[in-house]
Amino acid sequence: MRIVLLGAPGAGKGTQAQFLMEKFGIPQISTGDMLRAAIKAGTELGKQAKAVMDAGQLVSDELIIGLVKERIAEDDCKAGFLLDGFPRTIPQADAMKENGIAVDHVLEFDVPDEVIVERMAGRRVHSGSGRVYHLVYNPPKEEGKDDVTGEELSIRPDDEEATVRKRLAIYHEQTKPLVDFYQGEATSGNCQYLTVDGTQAVESVSVLLAEKLA
Ligand code: AP5
Ligand code: ZN
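The sequence shown lines up with residues 83 to 296 when you count with the numbering used here.
This is the structure:
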């Protein structure tokens with residue numbers, strides 16, 4: 083099963099990816115997590131990406147496409163994968179098609195911008211795994227600690243309000259056109275397209291996805 087998660091920053095892609103990867107036994111490919119890991123490891127890619135990400139801008143299509151192609155070629159992706167944060171521009175979606183990477187389901191999370199700004203203020207992450215929490219809506223079992231490793235949670239550098247608003251503007255300009263793109267693909271019978279109300283509680287969204295994908 084090959085799934086694309088589509089939605090604004092903070093719409094809940096990473097949160098539902100955690101649920102879906104367990105439910106379907108497929109790996110999550112989060113380009114944001116891959117870039118953050120590269121920054122942490124101090125690689126050349128990380129050095130190039132850091133300033134761009136901190137400013138809420140998009141990393142170049144060329145760089146991202148190369149990264150995803152390499153990842154999808156790995157053995158654990160043979161039975162399927164969950165793309166979280168990719169594609170995010172029309173050239174990225176075109177590159178997938180050109181490389182013969184088909185998609186079965188596109189799941190769009192619909193959440194208004196103001197809800198997102200509030201969500202981001204309460205987000206906490208485990209940087210080692212990419213697991214994500216919210217102080218109120220999805221709190222960890224022990225305050226400030228990751229449920230699995232017990233390690234400290236942190237705040238993402240791009241979650242400051244001004245940067246979130248910048249990311250939302252870029253989403254509307256560069257990523258939203260993918261809604262039409264994939265609805266067109268669905269009309270042509272190339273994939274199934276599903277829009278989910280992402281303002282519902284985390285568990286309700288998961289239940290809905292499980293029903294629709296069963
Ligand atoms: P990336 O890491 O992909 O960030 P994003 O798309 O901006 O999305 P987020 O991770 O912020 O949000 P999410 O939808 O995963 O929400 P989450 O589940 O965490 O990318 C970061 C940067 O990397 C980009 O800005 C760019 O620079 C670069 N990049 C990455 N991919 C790229 C690409 N393809 N091309 C170019 N550049 C790229 O949830 C958010 C919060 O809300 C959490 O606290 C969560 O607990 C809470 N929450 C989730 N669901 C609910 C709910 N239903 N109710 C209440 N709270 C909820
Ligand atoms: Zn995410």
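Backbone N, C-alpha and C define an ideal beta-carbon position, used for all residues, glycine too.
No experiment lies behind these values; they were computed from the predicted model shown.
(message) On a Cα-Cα basis, can you pick out the residue from G162, V193, E144, C159 that is closest to R170?
(response) E144
(request) Would you kindly check if the distance between the Cβ of Y264 and the Cβ of V150 is under 8 angstroms? (result) no
(message) Just to confirm my understanding: we take L102, look at its own chain, exclude 5 residues before and 5 after, and list those with CB closer than 6 angstroms. What are they?
(response) L164
(message) Using 8 angstroms as the threshold, is the C-beta distance between T113 and I146 below it?
(response) yes
(message) Just to confirm, is the Cβ distance from I172 to A90 under 8 angstroms?
(response) no
(request) Could you tell me which residues DSSP pairs with E190 in its beta bridges? (result) L88, T277
(request) Determine contact between the segment 249 to 263 and the segment 230 to 237, defined as no fewer than three beta-carbon pairs at a distance below 8 angstroms. (result) no
(message) Whole angstroms are fine: how far does the CA of K95 sit from the CA of D241?
(response) 15 angstroms
(request) Below 8 angstroms CB to CB, which residues in the same chain sit around V261 once its five sequence neighbours on both sides are set aside? (result) L88, E190
(request) Determine, using beta carbons only, whether V287 and V278 come nearer to each other than 8 angstroms. (result) yes
(request) On a CA-only basis, which of A133, A244, A119, A131 is nearest S211? Give me that one, please. (result) A119
(request) Using alpha carbons as the reference points, say which of D186, A131, V214, E156 lies closest to V230. (result) V214
(request) Could you tell me the distance, in whole angstroms, from the CA atom of M116 to the CA atom of S270? (result) 32 angstroms
(request) Mind listing, in chain order, the continuous alpha helix (DSSP H) runs of no fewer than 4 residues lying wholly within the segment 115 to 154? (result) 126 to 136, 143 to 154
(message) Looking at the secondary structure, which residues open and close the beta strand (DSSP E) in which D166 lies?
(response) 163 to 166
(message) Using only the alpha-carbon positions, how far apart do A161 and I85 sit?
(response) 11 angstroms
(request) Sort R201, N220, K227, D186 by Cα distance to V246 and report the nearest one. (result) R201
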